[in-house]
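Convert by adding 1227 to the 1-based position in the sequence shown; the result is the number in my numbering.
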Amino acid sequence: LSKEKAVTVELDSGKVPLLAVYTGPPAGARELRLFWSSFDWQREPVPPMVLFHDPADKAASESAALRQGRELFARLRCVKCHPGINISKTSMPELSRDAPSLLAAGRKFRQDWLARWIENPRSSRRQATMPRLLHGAGSRENARDIAAWLASMGKPGKSRPAASPEIIKKGGELFADLGCFNCHTLRKAEAAGAEDANRISLRNSGEKWRPRALEEFLLDPDRDYKWIRMGDLQLKAPEAGALVAFLLSLPGDPQKAQAFKRPPNPARGRELAEKLRCANCHQLAEEKRPAGIPYPATNNIAALKKGGFKGGCLSFDPPARHGIANFGLKKEQLSRLQSFASSHLDSLDRSSPVEFASRQMIQLRCGACHERDSEPANWPTLEEEVAHLVANRLEPGNEPESPEEKFSVVQARPPLTWTGEKLRPEWTKKQLAGTLDYELRPWLRSRMPRFAARAQGIAEGLALQHGYPAVSEPLGKPDPAMVKVGKRLALRDGGFSCVSCHGVGKKPPEAVFEVPGVNFMYAAERLRREHFHRWMLDPSRVVKNSRMPQFADDEARSPFTAYYEGDARKQFEAIWQWFLEGRNISPPEK
């Protein structure tokens, strides 16, 4: 299609039907990217914000329902209790999700909290994916016995010394600065409103966690649970300690006193855990549960399919017998799960990175911190909730002159609309996995969390969403002649003044206004060349209200006619060639 002659058409105002027909090459990878241009803007990918589909379309709604059923099947770990699904490298990645290891449950969690959680997880957290397995009479006593057994696994660490008011205050500031409130709320669970529906209350952290264990968890959230949704913020020990001090200072919601007829029985709890098959999901012994252990015939996928996937944990009626999983699903969710399991289980062996990235961006609440397409970030709407935690702090710019206290007045986080088109997937993977050897935007108080188990899948999916392959082409070597021109064009005098806002290697920016730009030494390893050119032609077309000025007019001409006769595209390419020097980039000289 790139070789076809462009055809100009006039679009009517309003919604316009679009039909794209594409025939791929007979061999090799298929790539399709759809571009447009007009009298008002240069050639660019068609923005996703202008595309739509009819929500009433029957085929689309049926497809969406099946996808939700498929996602539920994987997220709820159905295969852990119902064997018969072959999991391979091409399978849906979520089928391989682990669950929290309970090898050291007694060292981490308080016994009373464990008992309440085991009896009914959603009474403690409405978002819990762990099912309720104990029902009816005796469920409270049974949960208490299991909790007593788990509490015997691992010895609690030493208690923490009382924290000073200054440490608690620092922890509160960190809670606000890092955006913890986007996934957590400090409100009472029963008082949570609609905006708290997907946020986890932290008021009772001390009821759940032993202090030392909570600190260890914040320092390494995915140590015992690789697929945890809690991102690793790569905290330092003093930061984790301050956050723990703040959380433990919060008022807890009083728990109702419960009367029991007998003391808890850990031996009986272990027997109950075995009957409930807790080890299907959780690691409860040093050696993981070996594959191939036989299940009762009624529990395998073949038997469930024969029965139409009805009854048991897919029953519309609440279960009354111990061992039947109650996930708290609504009838619509149960229907979609049944429909998928009855007809499309074979799709589990096919993984789509595009859909995986979309699912994980919802699961990980990426939209809390970043805007994407037409959806604004949640962060600004929730900031008022934690404003009191930073109310007495000095305004940025008046703070002590120490490296860790130098933050920009502007704290905006980059939008995600063009991430797959903008960033090389290899770099995105490192960013998500937390393996970058530098801090990209050290002036931000917030930090990009690490999601190591999902990093590669999301990075590949984001690239494919924009029609790019999951592996980037090699960067190539810079053209020496163009590098010289690119460096001159970056100067403050006689050039685009790039060095005013951007650092070049070890040389800092010369005259920052509000917020510095990303250091040029990382540009080529991070950006796609095509996106760089599009960005340079008109930054505000890519990011609305961008602080980056536009250097080219509507005909892609620049005012610096001494270089390439004012051809902005060639001038921007010269700057790109300079970027190809990478970590060895040398600053321009006047």
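All residues carry an ideal CB built from backbone N, CA and C; glycine is no exception.
Bridge pairing for residue 1602: 1599 [DSSP].
Exclusion of the five residues before and after residue 1322 leaves 1301, 1306, 1312, 1314 and 1575 as the residues of its chain whose Cβ lies within less than 8 Å of its Cβ. Counting only the Cα atoms, residue 1762 lies some 18 Å from residue 1695.
Around residue 1485, the same chain offers 1367 as residues with beta carbons nearer than 8 Å, after the five sequence neighbours per side are excluded. By the Cβ rule, the region 1708-1728 counts as touching the region 1791-1804, because three or more pairs are nearer than 8 Å.
Between residue 1336 and residue 1454, the CB-CB gap reaches or exceeds 8 Å.
Residue 1793 and residue 1783 have their C-alpha atoms roughly 9 Å apart.
Residue range 1285-1302 is occupied by the alpha helix (DSSP H) that includes residue 1287. CA-to-CA, the gap between residue 1443 and residue 1450 works out to about 10 Å. Apart from sequence neighbours up to five positions away, the residues of its chain that approach residue 1327 with a beta-carbon distance below 7 Å are 1451, 1452 and 1509, ordered along the chain. Residue pairing by DSSP puts residue 1459 in a beta bridge opposite 1677. Taking the C-beta atoms as reference points, residue 1596 is found no nearer than 8 Å to residue 1668. By the Cβ neighbour-count rule, residue 1244 is exposed, with fewer than 16 other Cβ atoms within 10 Å of its own. In the three-state reduction of the DSSP assignment, residue 1559 falls in the helix class, which pools H, G and I. Here residue 1373 is actually not in contact with residue 1494; their C-beta atoms are around 11 Å apart, not less than 8 Å. Just so you know, the alpha carbons of residue 1272 and residue 1554 end up roughly 42 Å apart.
The beta carbon of residue 1660 sits closer than 6 Å to those of 1679 and 1682, all from its chain and outside the five residues before and after it, given in chain order. The C-alpha of residue 1254 lies about 27 Å from the C-alpha of residue 1263. Between residue 1613 and residue 1487, the CB-CB gap reaches or exceeds 8 Å. Beyond the five residues adjoining it in sequence on each side, residue 1732 comes within less than 6 Å, by CB distance, of 1748 and 1812 in the same chain, given in chain order. Of the residues 1589, 1618 and 1616, the one whose Cα lies closest to the Cα of residue 1605 is 1589.
Within its own chain, the residues whose Cβ lies closer than 6 Å to the Cβ of residue 1744, once the five positions on either side in sequence are excluded, are 1728 and 1729, listed in chain order. Between the region 1522-1541 and the region 1387-1402, the count of C-beta pairs closer than 8 Å stays below three; the two stretches do not touch. When beta bridges are read from the DSSP output, residue 1428 appears opposite 1412. Residue environment for residue 1567: buried (at least 16 other C-beta atoms within 10 angstroms of its C-beta). Proximity to residue 1511 across 1722, 1325, 1672 and 1404 peaks at 1325, based on C-alpha coordinates.
Closest in alpha carbon position to residue 1249, among 1236, 1238, 1261 and 1557, is 1261. One Cα belongs to residue 1459, the other to residue 1721, and the distance between them is close to 45 Å. Inter-segment contact for the region 1577-1586 and the region 1686-1693 is present: three or more beta-carbon pairs are separated by less than 8 Å. Around the beta-carbon of residue 1276, fewer than 16 other beta-carbon atoms lie within 10 Å, marking it exposed. In this structure, residue 1699 lies near residue 1651, with their beta-carbon atoms less than 8 Å apart.
A direct Cα-Cα distance of roughly 23 Å separates residue 1371 from residue 1429. When DSSP reads this structure, residue 1734 sits in a beta bridge with 1731.
A distance of 8 Å or more separates the beta carbons of residue 1332 and residue 1283. Taking 8 Å as the cut-off, the beta carbon of residue 1550 is found closer than this to the beta carbon of residue 1360. Here residue 1658 is buried, its C-beta having at least 16 other C-beta atoms within 10 Å.
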